[in-house]
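Asker: In our numbering, the protein residues as written are 827 to 926.
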């Protein structure tokens with residue numbers, strides 16, 4: 827809509843003037859952020875209590891959905907109550923190894 831377009835152009839002008847723009851790292855989080863994060867490459871026997879212990883330091887968790895693949899791997903989706911908590915968890919835990 828017209829208001830979104832004005833915001834886009836105002837943001838673009840700030841970027842052109844040396845301010846934060848669409849290329850800063852935080853923009854990925856601002857424009858694509860959700861309350862749910864993807865956690866991949868977890869061991870098949872990982873349970874929701876273990877994931878909660880690892881990720882609740884970033885904020886209140888609403889739901890943990892673990893998906894088991896074949897005989898080996900698993901992945902999970904962790905949903906936070908607040909989007910800022912999900913963004914923080916994603917920034918802090920991205921590409922890190924978590925486990926015992």
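Ideal Cβ placement from N, Cα and C applies to all residues, glycine included. This one's a predicted model, so the numbers in the text were calculated from it and none came from an experiment.
Are the CB atoms of residue 890 and residue 904 within a distance shorter than 7 Å?
Answerer: Translated into positions along the chain shown, residue 904 becomes position 78. Translated into positions along the chain shown, residue 890 becomes position 64. Closer than 7 Å, so yes.
Asker: Given this structure, state the Cα-to-Cα distance separating residue 896 from residue 907, to the nearest angstrom.
Answerer: The sequence position of residue 896 within the chain shown is 70, counting from 1. The sequence position of residue 907 within the chain shown is 81, counting from 1. About 31 Å.
Asker: Compare the Cα-Cα distances from residue 858 to each of 916, 921 and 884 and report the closest residue.
Answerer: Along the chain shown, one-based indexing puts residue 858 at 32. Ranking the options by Cα distance to residue 858, first place goes to 916.
Asker: When DSSP labels each residue in this structure, what does residue 891 get in the three-state scheme?
Answerer: In the chain shown, counting from the first residue as 1, residue 891 sits at position 65. Three-state result, residue 891: strand.
Asker: Is it right to say residue 927 is buried, meaning 16 or more other beta carbons lie within 10 angstroms of its own, or is it exposed?
Answerer: Outside the shown range of the chain, which is 827 to 926, sits residue 927, and nothing can be said about it.
Asker: Using the Cβ count rule (16 or more neighbours within 10 Å means buried), how would you classify residue 912?
Answerer: Locating residue 912 in the chain shown gives position 86, where the first residue counts as 1. Per the 10 Å Cβ criterion, buried.
Asker: Which one of 888, 877, 870 and 869 has the shortest CA to CA distance from residue 862?
Answerer: For the purposes of this step, residue 862 is taken as the residue at position 36 of the chain shown. The shortest C-alpha separation from residue 862 is found at 888.
Asker: When the Cα atoms are used, what is the spatial distance from residue 920 to residue 869?
Answerer: As a first step, residue 920 is located in the chain shown; it is residue number 94 there, counting from the start. As a first step, residue 869 is located in the chain shown; it is residue number 43 there, counting from the start. When rounded, the distance between both Cα atoms is 17 Å.
Asker: State the DSSP-derived secondary structure class of residue 869, mapped to helix, strand or coil.
Answerer: Here residue 869 is taken as the residue at index 43 of the chain shown, counted from 1. DSSP places residue 869 in strand when its eight states are reduced to three.
Asker: Can you pull the DSSP bridge partners for residue 864?
Answerer: Within the chain shown, residue 864 is the residue found at index 38, counting from 1. Answer is 903, bridged to residue 864.
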